[in-house]
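Protein chains in written order, with the numbering used here: chain L, 1 to 89; chain V, 90 to 249. We put the CB at the ideal spot given by N, CA and C, even for glycine. Predicted, not measured: the structure shown is a model, and the values here were computed from it.
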Amino acid sequence: MRVKLLYFGVLKDLVGATEGAIELPDGATAGGLLRILRERTSNIQMEERLWQSLAVAVNRQYASPQQVLREDDEVALLPPVSGGGAGER
Amino acid sequence: MSIDSTRFSGKIEITDAPIVAEAIVAAIKAGGDGAVCVFDGIVRDNTLGRRTLYLDYEAYREMALEQMRGLAADAVARFGVRDVAMVHRLGRLEVGETSVLIVTASAHRAAAFDACRWLIDTLKKTVPIWKKETFADGAIWSDGEAFPEEIATASRGTLG
Numbered sequence: 001m002r003v004k005l006l007y008f009g010v011l012k013d014l015v016g017a018t019e020g021a022i023e024l025p026d027g028a029t030a031g032g033l034l035r036i037l038r039e040r041t042s043n044i045q046m047e048e049r050l051w052q053s054l055a056v057a058v059n060r061q062y063a064s065p066q067q068v069l070r071e072d073d074e075v076a077l078l079p080p081v082s083g084g085g086a087g088e089r
Numbered sequence: 090m091s092i093d094s095t096r097f098s099g100k101i102e103i104t105d106a107p108i109v110a111e112a113i114v115a116a117i118k119a120g121g122d123g124a125v126c127v128f129d130g131i132v133r134d135n136t137l138g139r140r141t142l143y144l145d146y147e148a149y150r151e152m153a154l155e156q157m158r159g160l161a162a163d164a165v166a167r168f169g170v171r172d173v174a175m176v177h178r179l180g181r182l183e184v185g186e187t188s189v190l191i192v193t194a195s196a197h198r199a200a201a202f203d204a205c206r207w208l209i210d211t212l213k214k215t216v217p218i219w220k221k222e223t224f225a226d227g228a229i230w231s232d233g234e235a236f237p238e239e240i241a242t243a244s245r246g247t248l249g
């Protein structure tokens with residue numbers, strides 16, 4: 001099956017694209033997708049800290065790692081968000 | 090997070106145009122309100138002393154809108170405020186411009202203050218919007234805050 005991928009923020013710059021697609025085995029999960037992506041993108045210089053901080057959204061909802069993906073799902077990789085004002089903590 | 094964005098019909102927007110706070114505040118007021126609380130998030134001229142020239146905001150637009158509607162509905166349920174308006178701007182913003190405006194209206198001030206504070210704090214951790222800061226001497230994507238516990242991330246051994 002094939003799912004659509006979306007990249008945002010710093011990830012978009014690192015990957016060099018805003019979207020893509022990936023072929024996955026049937027029954028693949030959100031967590032499984034991240035593992036596969038990590039293996040296939042080892043050429044991309046990405047800090048461990050960034051990988052560890054990523055969340056995944058499937059069809060515009062935050063996903064659990066066990067969530068099973070389906071053909072044509074829209075899967076977004078989300079770095080920690082930084083909306084709002086000027087970075088006040 | 091189970092967010093049902095169909096529960097809220099108030100003013101929730103993501104816009105590419107300047108945010109006119111006065112109009113949004115004027116529009117929300119109703120007879121039963123005793124308090125309107127406004128959070129106006131603006132672009133600061135520095136981050137930790139490094140001089141900021143401008144910020145570029147981008148969003149996962151459809152998801153961000155759904156998340157914002159869900160937060161507004163949650164704020165009404167949790168704090169008992171009568172109405173909420175939330176508007177976030179995208180694109181390039183100069184120092185002093187409004188990036189986000191949150192307005193809560195309520196019969197009493199405590200609920201309005203509490204809901205407003207909760208909304209901006211939660212928006213900053215969960216709504217998929219990102220900003221790139223351009224300084225006099227370079228540009229970086231803001232680090233952002235870690236996602237709250239109810240959102241799975243790789244670091245918790247829950248993804249990847």
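Check: Are any of the Cβ atoms in chain L nearer than 9 angstroms to that of R158/V?; Outcome: no
Check: To which residues of the same chain is M90/V closer than 8 angstroms at the C-beta, ignoring the five residues directly before and after it?; Outcome: Confidence at M90/V is low in this model, with a pLDDT of 48, below 50, so its placement is unreliable and no value can be given for it.
Check: In terms of DSSP beta bridges, what is S195/V paired with?; Outcome: A124/V
Check: Is any beta-carbon of chain L found at less than 9 angstroms from that of H177/V?; Outcome: yes
Check: Name the DSSP beta bridge partners of A55/L, please?; Outcome: L78/L
Check: Who are the Cβ neighbours of A119/V in its own chain at under 8 angstroms, not counting the five residues just before and after it?; Outcome: R171, D172 and A194
Check: Using the Cβ count rule (16 or more neighbours within 10 Å means buried), how would you classify R89/L?; Outcome: Confidence at R89/L is low in this model, with a pLDDT of 45, below 50, so its placement is unreliable and the value that follows should be read with caution. Exposed: under 16 other Cβ atoms inside 10 Å.
Check: Any idea what DSSP makes of L137/V, helix, strand or coil?; Outcome: coil
Check: Go to D172/V, then tell me how far its beta strand (DSSP E) extends in each direction, as first and last residue.; Outcome: D172 to R178
Check: Tell me the rounded alpha-carbon separation between I209/V and V184/V.; Outcome: 20 angstroms
Check: Please work out which residues of its chain come closer than 6 angstroms, Cβ to Cβ, to Q61/L, disregarding the five sequence neighbours upstream and downstream, and give them in chain order.; Outcome: none
Check: Is the distance from the Cβ of L212/V to the Cβ of M157/V below 9 angstroms?; Outcome: yes
Check: Who does A228/V pair with in a DSSP beta bridge?; Outcome: T223/V
Check: Could you tell me the alpha carbon to alpha carbon distance between A148/V and G99/V, rounded to whole angstroms?; Outcome: 20 angstroms
Check: For the alpha helix (DSSP H) that contains E69/L, what are its first and last residues?; Outcome: Looking at the sequence itself, residue 69/L is Leu, so the reference to Glu does not match. Premise fails: L69/L is in no alpha helix (DSSP H) and is neither H nor E.
Check: Buried or exposed, going by whether 16 or more other CB atoms sit within 10 Å of the CB of Q67/L?; Outcome: buried
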